[in-house]
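Okay, structure first, notes after.
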Ligand SMILES: Cc1cc2nc3c(=O)[nH]c(=O)nc-3n(C[C@H](O)[C@H](O)[C@H](O)COP(=O)(O)OP(=O)(O)OC[C@H]3O[C@@H](n4cnc5c(N)ncnc54)[C@H](O)[C@@H]3O)c2cc1C
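In my numbering, the protein residues as written are 26 to 396.
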């Protein structure tokens, strides 16, 4: 059956957009790689996080806020369609500060960012000292100086999100093809043809949502391939009784009770491994934050590569040289999933990406791309 869209990449970005397009009645094929491929969507921390997003690009802060507002309905709809609980909650979150200088710098950054545009005036946040934080983070250690609290922040189980997106897409007729790595995409008279070892797949429009795969696939279509890997490592404890502690980028307790400890940024090329040195640091910091974790058993760890653009903000762009080709690269695919499934999918469907989200074009990096 002829398809309207070909999406390359079946991570959380590609699947959220596939879901959004399929809900609008579009026929979509998704081509994805293998289980062993680089997949940020399967190694992330699961935060639906707003505070601090968009430093240097207030529009990105606006989209994060917008997506956080859309998340409750998005999660509810996905669960209703698929029966998959996303373990989503939005009780607020805290980004910790470990000394006075960090606390002061953070507050200055937030004051400047949230005064930038009228839309950001809706953003609520507050700096709380250690004593005040203990109401949200019982048992907080003396090593923590304080932290920024925002009621917009939340968390989910990112693997359940992905599973729900696959199931919802399947029920809407999306043709998801795993183990179909795309060697290249060619512009043709009638649209685009993707070449895979299993054969060619064609559609009038193509969306690259290939994570780090954009480096190779995007430039030939006049799109921006400026993404690089930035490794994170995550350490997980055994399941412990629920503490009621709000999530933070440094540590969060999941719905099943385990603590997920992370928030490191490492330039390690394409190495997805873990290192004892970093895991040791993570463990030490977790105990400094919550001393009662000193005796917690550690059950697993992993490394995963972030999909980073040069300025850390998303790239959403339509090709000027190959009309009908789009590129989506972003580091906040969980947070932005609700936005991707709704407004972003709509903008692509109506071919308004460049006019509505021109600020996010890769042209801002001044490379030979896009528009
Ligand atoms: C450690 C860590 C913690 C994070 N924490 C958070 C967080 O708390 N909250 C948040 O919002 N975000 C977080 N992120 C970021 C988030 O995970 C990413 O923004 C998101 O997963 C990006 O999704 P994606 O679909 O673009 O990329 P990916 O998940 O990498 O998916 C890209 C897909 O494209 C496929 N692909 C690539 N090339 C080809 C090809 N040639 N042919 C076919 N398929 C191809 C790949 O196989 C893959 O399946 C974190 C990331 C990391 C690494």
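No residue lacks a Cβ here, since even glycine has one placed at the ideal position from N, Cα and C.
Quick check: does the Cβ of residue i come within less than 7 Å of any heavy atom belonging to ligand 1?
| i | result |
| --- | --- |
| residue 360 | yes |
| residue 94 | no |
| residue 222 | no |
| residue 417 | A query on residue 417 cannot be resolved here, the shown segment of the chain reaching from 26 to 396 and no further. |
| residue 365 | no |
| residue 273 | no |
| residue 236 | yes |
| residue 69 | yes |
| residue 291 | no |
| residue 39 | yes |
| residue 259 | yes |
| residue 247 | no |
| residue 398 | Shown here, the chain extends from 26 to 396; a query on residue 398 therefore has no answer. |
| residue 57 | yes |
| residue 355 | yes |
| residue 33 | yes |
| residue 64 | yes |
| residue 226 | no |
| residue 79 | no |
| residue 331 | yes |
| residue 207 | yes |
| residue 304 | no |
| residue 287 | yes |
| residue 265 | no |
| residue 242 | yes |
| residue 36 | yes |
Might you give, ordered along the chain, the residues of its own chain that have their beta carbon closer than 7 Å to the beta carbon of residue i, omitting 5 neighbours on each side?
| i | result |
| --- | --- |
| residue 88 | 361, 364 |
| residue 229 | 29, 215, 216, 349 |
| residue 128 | 122, 152, 170, 171 |
| residue 395 | Confidence at residue 395 is low in this model, with a pLDDT of 42, below 50, so its placement is unreliable and the value that follows should be read with caution. Here the set comprises 247, 248, 249, 342, 344, 345, 386, 387, 388. |
| residue 38 | 234, 353, 355, 358, 365 |
| residue 381 | 372 |
| residue 374 | 46, 49, 51 |
Apart from the five residues on each side of it in sequence, which residues of its chain come closer than 6 Å, Cβ to Cβ, to residue i?
| i | result |
| --- | --- |
| residue 344 | 246, 247, 248, 350 |
| residue 212 | 347 |
| residue 335 | 251, 390 |
| residue 179 | 73, 114, 115 |
| residue 328 | 256, 258, 297, 298, 299 |
| residue 313 | 166, 168 |
| residue 393 | Residue placement at residue 393 is poorly supported in this model, since its pLDDT is 48, which falls under 50; the coordinates are not used for a value here. |
| residue 27 | none |
| residue 377 | none |
| residue 304 | 260, 326 |
Taking DSSP's pairing of strands, which residues face residue i in a bridge?
| i | result |
| --- | --- |
| residue 323 | 262 |
| residue 276 | 286 |
| residue 253 | 333 |
| residue 122 | 171 |
| residue 202 | 56 |
| residue 220 | 209, 225 |
| residue 352 | 233, 342 |
| residue 154 | 171 |
| residue 72 | 180 |
| residue 31 | 54, 231 |
| residue 114 | 180 |
| residue 291 | 256 |
| residue 328 | 258 |
Hey, residue i and residue j are a contact pair by Cβ (cut 8 Å); roughly how many whole angstroms apart?
| i | j | result |
| --- | --- | --- |
| residue 181 | residue 271 | Contact doesn't hold; Cβ gap of about 14 Å is too wide. |
| residue 311 | residue 284 | 7 Å |
| residue 218 | residue 207 | Actually they do not touch by this definition, with Cβ atoms about 10 Å apart. |
| residue 56 | residue 33 | 5 Å |
| residue 201 | residue 185 | Not confirmed; about 17 Å, so no contact. |
| residue 281 | residue 177 | So it is not a contact: roughly 24 Å between Cβ atoms. |
| residue 36 | residue 65 | 7 Å |
| residue 319 | residue 263 | Their Cβ separation, rounded to whole angstroms, is 13 Å, which puts residue 319 and residue 263 out of contact at 8 Å. |
| residue 332 | residue 237 | 6 Å |
| residue 103 | residue 189 | 4 Å |
Leaving out the 5 sequence neighbours to the left and right, which residues in its chain are closer than 8 Å to residue i when beta-carbon positions are compared?
| i | result |
| --- | --- |
| residue 163 | 268, 269, 270 |
| residue 287 | 70, 257, 258, 259, 260, 274, 275, 276, 307 |
| residue 155 | 165, 167, 169, 170, 171 |
| residue 78 | 85, 86, 89, 357, 360 |
| residue 95 | 363, 364, 367 |
| residue 125 | 170 |
| residue 199 | 43, 44, 47, 53, 54, 55 |
| residue 117 | 161, 174, 175, 176, 177, 178, 179, 271 |
Can a CB atom of chain D be found closer than 8 Å to the CB of residue i?
| i | result |
| --- | --- |
| residue 354 | Among the chains of the structure shown, chain D does not appear; only one protein chain is present. |
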